[in-house]
Amino acid sequence: MIRMTTNPIDPDALRREMFDPAAGGYCAFEGWVRNENEGHTVRQLEYEAYDPLAITEGELILAEAADRFPHLQAHCVHRTGLLEIGDCAVWVGVASAHRDEAFRACRYIIDQLKHRLPIWKKEHYSDGNSGWVNCERCAEHAHG
Numbered sequence: 284m285i286r287m288t289t290n291p292i293d294p295d296a297l298r299r300e301m302f303d304p305a306a307g308g309y310c311a312f313e314g315w316v317r318n319e320n321e322g323h324t325v326r327q328l329e330y331e332a333y334d335p336l337a338i339t340e341g342e343l344i345l346a347e348a349a350d351r352f353p354h355l356q357a358h359c360v361h362r363t364g365l366l367e368i369g370d371c372a373v374w375v376g377v378a379s380a381h382r383d384e385a386f387r388a389c390r391y392i393i394d395q396l397k398h399r400l401p402i403w404k405k406e407h408y409s410d411g412n413s414g415w416v417n418c419e420r421c422a423e424h425a426h427g
């Protein structure tokens with residue numbers, strides 16, 4: 284399951300949704316808004332996404348992870364809109380029978396999401412300037 288939302292992400296509630304009595308391992312990743320990037324003091328981030336494609340591609344990524352690293356369930360939530368320092372921008376959780384699959388699936392999912400989803404980030408800096416940060420996939424194609 285993958286969701287896009289403009290609402291704050293509640294990792295504790297998401298972890299509770301993931302509980303499965305067959306799970307011996309659980310792994311989660313939380314991506315937070317930080318206050319610095321490449322020497323710029325960041326005060327806010329703004330995310331935009333093409334939700335239909337993000338959901339479709341996200342579901343493919345989750346299916347790939349299930350094929351590569353057998354697990355019981357995997358969920359992902361990504362925020363869009365204006366986020367403040369410390370806000371959770373993306374959350375990935377994986378429950379599995381064993382810890383190794385949970386760790387490996389979680390890492391695979393977040394790496395693929397960052398690379399493949401049509402999500403764009405605008406940084407708002409403390410000096411009043413702002414700038415769109417190229418998504419990794421777009422930057423690759425621009426140089427190819």
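Numbering (our numbering) for the sequence shown: 284 to 427. Even glycine gets a Cβ: it sits at the ideal position worked out from N, Cα and C.
Go ahead and pull the three-state DSSP assignment for residue i.
i, result
"Thr324", "strand"
"Gly427", "Confidence at Gly427 is low in this model, with a pLDDT of 45, below 50, so the placement of that residue should be treated as unreliable; the coordinate-derived value is given next. Coil at Gly427, not helix or strand."
"Leu400", "coil"
"Gly411", "coil"
"Ala378", "strand"
"Ala422", "With a pLDDT of 46 at Ala422, under the threshold of 50, the modelled position of this residue cannot be trusted; read the value that follows with caution. In this structure, Ala422 counts as helix in the three-state DSSP scheme."
Need the endpoints of the beta strand (DSSP E) that residue i sits in, please.
i, result
"Gly308", "308 to 315"
"Thr288", "285 to 288"
"Gly369", "It is not in any beta strand (DSSP E) - Gly369 carries neither H nor E in the DSSP assignment."
"His361", "356 to 362"
Between which two residues does the alpha helix (DSSP H) harbouring residue i extend?
i, result
"Gly341", "334 to 351"
"Leu297", "294 to 301"
Judging by CA-CA distance, which residue of the options is the nearest neighbour of residue i?
i, options, result
"Glu380", "Ala372, Ala357, Arg390", "Reading off the sequence, residue 380 comes out as Ala, not Glu. Per the Cα distances, Ala357."
"Ala348", "Ala337, Leu328, Cys371, Val375", "Val375"
"Thr289", "Gly322, Gly364, Ile393, Gly369", "Gly364"
"Leu297", "Ala378, Gly411, Leu328", "Ala378"
"Tyr330", "Leu345, Pro291, Phe352, Gln395", "Pro291"
Taking all protein chains shown into account, decide if residue i is buried (16 or more other Cβ within 10 angstroms of its Cβ) or exposed.
i, result
"Trp315", "exposed"
"Gly414", "exposed"
"Leu336", "exposed"
"Ser398", "Reading off the sequence shown, one finds His at residue 398, where the question assumed Ser. So His398 ends up on the exposed side."
"Met287", "buried"
"Ala372", "buried"
"Phe302", "exposed"
"Ile368", "exposed"
"Leu366", "buried"
"Gly411", "exposed"
"Arg317", "exposed"
"Ala332", "buried"
Measuring from the CB of residue i, is there a heavy atom of the ligand MN at a distance below 7 angstroms?
i, result
"Leu328", "Ligands are entirely absent from the displayed structure, and the ligand MN is therefore not among its contents."
(Q) For the stretch 300 to 319 against the stretch 385 to 395, do three or more pairs of beta-carbon atoms, one drawn from each stretch, fall closer than 8 angstroms, so that the two count as touching? (A) yes
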